[in-house]
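J.: Every position in the sequence shown, counted from 1, becomes a number in my numbering once 1216 is added. Starting off with a structure, shown below.
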Amino acid sequence: IILSTAMLSSEPIILYKNCSIYGHPVADRIFVQDGKVLSVGNGDEAKPDSVVDLQGGFVYPGFTDAHIHLAGLGASLEQLNLVGTESPEAILKILDEYNRKGQSWIQGRGWDQNDWTHQQFPNKQMLDSIVDDVPVFLRRIDGHAAWVNSKALKIAGITKETPDPKGGRILKNKNGNPSGILIDNAVNLISQHIPKDKVDDKKRHILKAQEFLHRLGITSVHEPGVGFSVVTALRQLRDEGFLTVRVYAMLDDNRELVKLFLEDGPEGDDVLQFKSVKIYFDGALGSRGAALLEPYSDDSGNMGLLLTSPDSVMKKVQELNAAGFQANIHCIGDRANRTALDIFEAYGNPRMRNRIEHAQIIQPDDIPRFSRLGVIPSMQPTHCTSDMPWAERRLGAKRLKGAYAWQSLIRAGSMIPAGSDAPVEHPDPLAGIYAAVTRQDQSGNPHQGWAPEERMTMPQAISAFTEWPAFASFQENSLGKISSGYFADFTVLSKPLESLSGEEILKTNVMFTVVNGNIVYQQQQQGKLDD
1217 IILSTAMLSS
1227 EPIILYKNCS
1237 IYGHPVADRI
1247 FVQDGKVLSV
1257 GNGDEAKPDS
1267 VVDLQGGFVY
1277 PGFTDAHIHL
1287 AGLGASLEQL
1297 NLVGTESPEA
1307 ILKILDEYNR
1317 KGQSWIQGRG
1327 WDQNDWTHQQ
1337 FPNKQMLDSI
1347 VDDVPVFLRR
1357 IDGHAAWVNS
1367 KALKIAGITK
1377 ETPDPKGGRI
1387 LKNKNGNPSG
1397 ILIDNAVNLI
1407 SQHIPKDKVD
1417 DKKRHILKAQ
1427 EFLHRLGITS
1437 VHEPGVGFSV
1447 VTALRQLRDE
1457 GFLTVRVYAM
1467 LDDNRELVKL
1477 FLEDGPEGDD
1487 VLQFKSVKIY
1497 FDGALGSRGA
1507 ALLEPYSDDS
1517 GNMGLLLTSP
1527 DSVMKKVQEL
1537 NAAGFQANIH
1547 CIGDRANRTA
1557 LDIFEAYGNP
1567 RMRNRIEHAQ
1577 IIQPDDIPRF
1587 SRLGVIPSMQ
1597 PTHCTSDMPW
1607 AERRLGAKRL
1617 KGAYAWQSLI
1627 RAGSMIPAGS
1637 DAPVEHPDPL
1647 AGIYAAVTRQ
1657 DQSGNPHQGW
1667 APEERMTMPQ
1677 AISAFTEWPA
1687 FASFQENSLG
1697 KISSGYFADF
1707 TVLSKPLESL
1717 SGEEILKTNV
1727 MFTVVNGNIV
1737 YQQQQQGKLD
1747 D
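As structure tokens, this is what we get:
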């Protein structure tokens, strides 16, 4: 039936051949027509109009990043890259060498005091010593804290008398003056003064990110928290034919924006969908803003922050689910996760496949509740391997039992759509798969993996970047598999993941990336991408 339909169509048939295909052990070719898989096999099932030689590559369903800030990633490529800096002095050197001609603000992202020898937060005086005439705004790697200079504080009017905003904290020195570090909602006191990107800026950022992601084998993304300008930019790029990565966009929890969508209902096509809303509930673990049931082990007076009141989240979940929108709640600490599960149990609609984004620290008794309530834990494997050197200091040994508990969640019946949270982490899905199956850093430490009982199997890790994100975005009948009628989205690798272990995964190359039957990236030379 498929082939007779194909013969009636005027669309050309493309044959992708000379390959091994995941899930089809005896097949070596894929026939594609009109952006979808026509058939998978090892014979001449149809007469092709064109042939693509995949050079012996190993074909997987197109990789999806289930939690990535697409526009934010593109913007980060234009700002100071502070990822991996080993001290405040290294950042000051980067800042000193930066050409700031014409810049009204200097922005950067990626510092992490946990990577430094002295793990205290830095201060404004350090930045002032290099730049005192232009405001400097440097986001921490998780986006939940910012380091600013005195000029930025002055523009925002932040003084020793400025109170902490709800859900945020202004760190102050012994004299009561602001130190230059702002946590969670306090970051907005500064960021609201930075000139806003225009729609054309957002479009440029998205296109930069898209090209970068295709080189990594990514064909689809779930973008959490898009505002008015990104919504407009995505729509325009789609309408202009420039959007070649599929985007499942979660609306920002902005009352005016959400109200517009609630009036018309969910919106979407094969390329771009708006069917969900991202709600921030707590902060991040690295900046001690994640909401915990008991105080931080290394900060006995601090249990973290709830950025939104439980009553407000409850009302939003009810309203969104009733209007046909998925509710996706950012929860990192065990208190935030438990409270969100309580809200979903009392007020959520399981048919809406509501999600908890991150689900990093879960009280073990709450792990089975995810599957029972139909709540999807959307997690990022490289968060675990980035956090493991210091997570026990934050949490203590006992709470680690529910930290990044992938295998426990899977055994309890959950599927885990995986992502990177880029630009918080590098968006390479092979790095994510490596982290998922090893729970080691890229040097192979610790030897057996950190809490090795929570490692994913390789088939689970592949599903986490293919089938499970498709289900989490209501696209399981069109994405996540290489099968007749599914979109022809493929990631072609130089090695078969199923037979690899450890660093071999990281040395695997992306040979081709195919979206909708079209090649959007082809490796030009040997060697793993360094960026």
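Glycine included, each C-beta is placed from N, C-alpha and C at the ideal position. Values in this document were obtained by computation on a predicted structure and should not be read as measured data.
Can you tell me whether residue 1521 is buried or exposed? The criterion is at least 16 other CB atoms within 10 Å of its CB, across all chains shown.
T.: The count along the sequence shown starts at 1 and reaches residue 1521 at position 305. Buried, because 16 or more other Cβ atoms sit within 10 Å of the Cβ of residue 1521.
J.: Name the two residues that bound the continuous alpha helix (DSSP H) containing residue 1678.
T.: Residue mapping note: residue 1678 aligns to position 462 of the sequence shown, counting from 1. Note, residue 1678: alpha helix (DSSP H), 1674-1680.
J.: Could you pull the DSSP bridge partners for residue 1551 from this structure?
T.: Working through the sequence shown from its first residue, we reach residue 1551 at position 335. For residue 1551, DSSP records no beta bridge to any residue.
J.: Under 8 angstroms, do residue 1386 and residue 1402 count as touching if we go by C-beta distance?
T.: Taking the sequence shown and counting its residues from 1, one reaches residue 1386 at position 170. Taking the sequence shown and counting its residues from 1, one reaches residue 1402 at position 186. A contact, by the Cβ cut-off of 8 angstroms.
J.: How is the beta strand (DSSP E) around residue 1438 delimited, first residue to last?
T.: Your numbering for residue 1438 matches position 222 in the sequence shown. Note, residue 1438: beta strand (DSSP E), 1434-1442.
J.: Considering only C-alpha positions, which residue in the set 1617, 1380, 1444 and 1478 is nearest to residue 1400?
T.: Here residue 1400 refers to the residue found at position 184 when the sequence shown is read from its first residue. The candidate whose alpha carbon is nearest that of residue 1400 is 1380.
J.: Hey, how far is the Cα of residue 1348 from the Cα of residue 1307?
T.: To locate residue 1348, count along the sequence shown from 1; it is residue 132. To locate residue 1307, count along the sequence shown from 1; it is residue 91. Rounded to whole angstroms, residue 1348 to residue 1307 spans 15 angstroms at the Cα level.
J.: Buried or exposed: which applies to residue 1636, given that a residue is buried once 16 or more other Cβ atoms fall within 10 Å of its Cβ?
T.: For the purposes of this step, residue 1636 is taken as residue 420 along the sequence shown, with counting starting at 1. Buried, by the Cβ-count rule.
J.: Applying the criterion that 16 or more other CB atoms from any shown protein chain within 10 Å of the CB defines a buried residue, is residue 1743 buried or exposed?
T.: Position 527 of the sequence shown, counted from the start, is the residue given in the question as residue 1743. Here residue 1743 scores only 46 on pLDDT, less than 50, and its place in the model should not be relied on; the value that follows carries that caveat. Burial call: exposed.
J.: Mapping DSSP to helix, strand and coil, what is residue 1284?
T.: Here the question's residue 1284 lines up with position 68 in the sequence shown. Three-state DSSP puts residue 1284 in coil, outside helix and strand.
J.: Could you give the distance in angstroms between the alpha-carbon of residue 1393 and the alpha-carbon of residue 1341?
T.: If you number the sequence shown from 1, residue 1393 lands on position 177. If you number the sequence shown from 1, residue 1341 lands on position 125. Near 12 angstroms, if we compare the C-alpha coordinates of residue 1341 and residue 1393.
J.: Which word fits residue 1740, buried or exposed, when buried means at least 16 other C-beta atoms lie within 10 angstroms of its C-beta?
T.: In the sequence shown, the residue the question calls residue 1740 occupies position 524. Residue 1740 is exposed by the Cβ-count criterion.
J.: Can you find the residues in the same chain that come closer than 6 angstroms, C-beta to C-beta, to residue 1746, ignoring five residues on each side of it along the sequence?
T.: What you label residue 1746 is simply residue 530 of the sequence shown in a count that begins at 1. Model confidence at residue 1746 stands at a pLDDT of 43, short of 50, so the residue's coordinates are unreliable; what they give is reported in the following sentence. Excluding sequence neighbours, residue 1746 sits near nothing in its chain.
J.: By the three-class DSSP mapping on this structure, what secondary structure does residue 1264 have?
T.: Sequence index remark: in the sequence shown, residue 1264 carries index 48 (1-based). If DSSP states are grouped into helix, strand and coil, residue 1264 belongs with coil.
J.: Using beta-carbon positions only, say whether residue 1497 and residue 1556 come within less than 8 angstroms of one another.
T.: Mapped onto the sequence shown, residue 1497 falls at position 281. Mapped onto the sequence shown, residue 1556 falls at position 340. Yes, the pair counts as a contact, with Cβ atoms nearer than the cut-off.
J.: Expressed to the nearest angstrom, what Euclidean distance is found between the alpha-carbon atoms of residue 1266 and residue 1297?
T.: In the sequence shown, the residue the question calls residue 1266 occupies position 50. In the sequence shown, the residue the question calls residue 1297 occupies position 81. Distance between the alpha carbons of residue 1266 and residue 1297: 42 angstroms.
J.: Tell me, please, which residues DSSP counts as bridged to residue 1494.
T.: As a working note, residue 1494 is residue 278 in the sequence shown. According to DSSP, residue 1494 bridges with 1544.
J.: State the DSSP-derived secondary structure class of residue 1634, mapped to helix, strand or coil.
T.: Sequence index remark: in the sequence shown, residue 1634 carries index 418 (1-based). In the structure shown, residue 1634 sits in a strand (DSSP, three-state: E or B).
J.: Can you give me the start and stop residues for the alpha helix (DSSP H) that residue 1526 sits inside?
T.: Indexing the sequence shown from 1 puts residue 1526 at position 310. For residue 1526, the uninterrupted alpha helix (DSSP H) run begins and ends at 1526-1538, by DSSP.
J.: Considering just the uninterrupted stretch of the alpha helix (DSSP H) at residue 1342, what are its terminal residues?
T.: What you label residue 1342 is simply residue 126 of the sequence shown in a count that begins at 1. It spans 1340-1344 - the alpha helix (DSSP H) in which residue 1342 sits, taken as one unbroken run.
J.: Take residue 1565 and list the residues in its own chain whose beta-carbon comes closer than 8 angstroms to its own, dropping the five residues that flank it on each side.
T.: Start at 1 with the first residue of the sequence shown, and residue 1565 comes out as number 349. So the qualifying residues of the chain are 1537 and 1538.
J.: In angstroms with no decimal places, state the Cα-to-Cα distance between residue 1734 and residue 1707.
T.: Counting from one through the sequence shown, the residue named residue 1734 turns up at place 518. Counting from one through the sequence shown, the residue named residue 1707 turns up at place 491. Approximately 12 angstroms between the Cα atoms of the pair.
J.: Less than 8 angstroms between C-beta atoms, sequence neighbours within five positions excluded: which residues of the same chain meet that for residue 1333?
T.: In the sequence shown, residue 1333 corresponds to position 117, counting from 1. Around residue 1333: 1302 and 1303.
J.: In the DSSP output, which residue or residues are listed as bridge partners for residue 1409?
T.: For the purposes of this step, residue 1409 is identified with residue 193 of the sequence shown, where counting begins at 1. According to DSSP, which records beta bridges pairwise, residue 1409 is partnered with nothing at all.
J.: Identify every residue that forms a DSSP beta bridge with residue 1332.
T.: One-based indexing of the sequence shown puts residue 1332 at position 116. Per DSSP, residue 1332 has no beta-bridge partner at all.
J.: What three-state label does DSSP hand residue 1323 in the structure shown?
T.: Taking the sequence shown and counting its residues from 1, one reaches residue 1323 at position 107. Residue state, collapsed to three classes: strand.
J.: Are residue 1592 and residue 1631 close, meaning C-beta to C-beta below 8 angstroms?
T.: The count along the sequence shown starts at 1 and reaches residue 1592 at position 376. The count along the sequence shown starts at 1 and reaches residue 1631 at position 415. Yes, the pair counts as a contact, with Cβ atoms nearer than the cut-off.
J.: What are the boundary residues of the alpha helix (DSSP H) that residue 1428 is part of?
T.: Along the sequence shown, one-based indexing puts residue 1428 at 212. For residue 1428, the enclosing alpha helix (DSSP H) starts and ends at 1415-1431.
J.: Span of the beta strand (DSSP E) holding residue 1573?
T.: As a first step, residue 1573 must be located in the sequence shown, where it is residue number 357. From DSSP, the beta strand (DSSP E) with residue 1573 extends over 1571-1574.
J.: With DSSP as the reference, please indicate the residues paired to residue 1663 in a beta bridge.
T.: The sequence position of residue 1663 within the sequence shown is 447, counting from 1. Partner(s): none; residue 1663 has no beta bridge.
J.: Helix, strand or coil, according to DSSP, for residue 1196 in the structure here?
T.: Missing from the structure shown is residue 1196; the chain here goes from 1217 to 1747 and no further.
J.: Starting from the Cα of residue 1382, find the closest Cα among 1725, 1322, 1505 and 1533 and give me that residue.
T.: On the sequence shown, residue 1382 is found 166 positions in, with the first residue counted as 1. Among 1725, 1322, 1505 and 1533, the Cα nearest to that of residue 1382 is on 1505.
J.: Mark residue 1639 as exposed unless 16 or more other C-beta atoms lie within 10 angstroms of its C-beta, in which case mark it buried.
T.: Mapped onto the sequence shown, residue 1639 falls at position 423. With 16 or more other Cβ atoms within 10 Å, it is buried.
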